[in-house]
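See below for the structure under consideration.
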Amino acid sequence: MKMRIQTGLAALAATFIAAEAAAVQGVITMPNRSKREGEIKWIARDKAYGIVEKGRSIEMQLKPEEIAGLQIPRPRELDAAIEAIRQGNANAAIPVLEKIASEYMMLQWDKPATRYLAEAHVQAGNADKAIAVCEKVIAADPEAAYLGEMAPVYWQALIKRERLSKVEELLGKAIKTGDRPASANALIARGDLIQAGGGDANELAKKALRDGYLRVVTLYRSERSAQPEALYKAAKCFEKLGQTQHADQLRTILKGEFGSSEWAKK
C-alpha cells in the first residue's frame, strides 16, 4: 500500500512538473511600459506567467491580461530546423521543433515552432498530427486558432481532413478581429476552402479568385507576407480557366517582387 501511495504521489508530482515549462531568460513589459527582466516560465495549472526578477529570489505570477508584451530570445535551434524543412528533411526537424514547442509553451516561440512542425506533418501527409500539435497550443491560447502565424497551417490541416465547417467558423473569427494580416490569410484560406468543395472546377476557380485570392492581391497589397501565396494561387486559378495571360501577369509580379519567397520558387 505504501509503495502504491508513493507511486501515485510520484505520478502526481510528474504531472505538476510537466505543467511548468522550464524557465527562460526574458523581459515582460507591463501596461505602464515598465520592464521586468529575469527567468520566466508558463505555469499551465495557474494559466499564469511566473517570473523571478534579476537580483530577487521570490517568484511573482502574472496573468496574460496583466502584461503588455513578452520578449524572449529566439531559440538557437529554430532556424536550422526551419531550413531542414525547406530542404525536404522534415524528419531531422520534427524532434527539434517538438522540443522548442514544448519548452517555449506560451513563451513567444511555441507558435512559430508549431507552425513549422505542423507544416512538416502536412507535407508528410499526416494532417491529423498537424492538427494535434496545433490544438495543444490552442488549448493554452484559444486565439491561436485564428490569429498569428500558426493559424493558416492549422486551417490547411483541417481542410485536408475535410473539417470545412470548422475552418469557415475560424475564418469568420479571423476577419472579425479587424487584424489585417489575419484577414489576408483568412481570405487565402477561403479560396482554398472553396476549391476543396464539390462542383464544377471552373466555377470553383472563379469563386476562389473572386472571394479569396484576388481580394488579397488587390485589397491587401500592404500585407507583403500574404502576397506571394495569393499571387501564386490566383495564377493557378487563371491557368485552370485557360486565361494564361492573366496567369503570366501575376507570375511576373510574384517573381519580380517576391523572388526569394517559397511561392516564387514553385
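Here the sequence shown is numbered in my numbering, starting from 34 and rising by one per residue. We put the beta carbon where it would ideally sit given N, CA and C, even for glycine.
Mapping DSSP to helix, strand and coil, what is residue i?
i      : result
LYS68  : strand
LEU180 : coil
GLN276 : coil
ALA81  : strand
SER135 : helix
ALA113 : helix
TRP296 : coil
SER216 : helix
LEU140 : coil
ALA160 : helix
GLU290 : helix
ARG196 : coil
GLN228 : helix
GLY121 : coil
ASP174 : coil
Please report how far the alpha carbon of residue i lies from the alpha carbon of residue j, in whole angstroms.
i      : j      : result
GLY181 : ASN124 : 25 Å
ARG37  : GLN104 : In this prediction, ARG37 scores a pLDDT of 44, lower than 50, which makes its location untrustworthy; the coordinate-derived value is nonetheless stated afterwards. The alpha-carbon atoms of ARG37 and GLN104 are separated by roughly 44 Å.
LEU274 : ASP79  : 54 Å
ILE171 : ALA178 : 6 Å
TYR265 : GLU195 : 23 Å
GLY208 : ILE221 : The amino acid occupying residue 208 in the given sequence is Ile; Gly does not appear at that position. So the two alpha carbons sit approximately 12 Å from each other.
GLY232 : CYS270 : 15 Å
LYS206 : ALA263 : 20 Å
PRO106 : GLN278 : 46 Å
GLU176 : ALA184 : 9 Å
ILE118 : GLU98  : 34 Å
ALA134 : ALA114 : 12 Å
GLU131 : GLY88  : 32 Å
VAL155 : SER255 : 28 Å
ASN122 : LEU204 : 31 Å
LYS96  : ALA77  : 11 Å
THR251 : GLY289 : 17 Å
GLU116 : SER294 : 13 Å
TYR276 : LEU111 : Note that residue 276 corresponds to Gln in the displayed sequence, not to Tyr. Roughly 41 Å between the two C-alpha positions.
TRP142 : TYR149 : 11 Å
ASP212 : ALA219 : 10 Å
ARG69  : VAL60  : 6 Å
LYS298 : GLY292 : 7 Å
ALA160 : ALA190 : 5 Å
THR285 : ARG243 : 20 Å
ALA153 : GLU168 : 16 Å
MET93  : ILE192 : 42 Å
TYR137 : ALA234 : 43 Å
ALA126 : GLN120 : 10 Å
TRP296 : LYS199 : 26 Å
Going by the beta-carbon positions, is the gap between residue i and residue j smaller than 8 Å?
i      : j      : result
TYR306 : ILE73  : For the chain, the structure presents residues 34 to 299; residue 306 sits outside this window and is missing.
ALA259 : LEU283 : no
ALA163 : ALA173 : no
TRP339 : LEU140 : Any question about residue 339 goes unanswered here, given that the chain covers just 34 to 299.
VAL166 : ALA217 : no
GLU201 : LEU237 : no
LEU197 : ALA241 : no
ALA101 : PRO64  : yes
Need the endpoints of the alpha helix (DSSP H) that residue i sits in, please.
i      : result
THR210 : It is not in any alpha helix (DSSP H) - THR210 carries neither H nor E in the DSSP assignment.
LEU252 : 247 to 252
ALA259 : Taken as a continuous stretch (DSSP letters only), ALA259 belongs to no alpha helix (DSSP H), as it is neither H nor E.
ASN235 : 234 to 241
Have a look at the DSSP bridge pairing and note the partners of residue i.
i      : result
GLN58  : GLU72
GLU86  : GLY71
GLN104 : VAL60
List the endpoints of the continuous beta strand (DSSP E) containing residue i.
i     : result
GLN94 : 93 to 95
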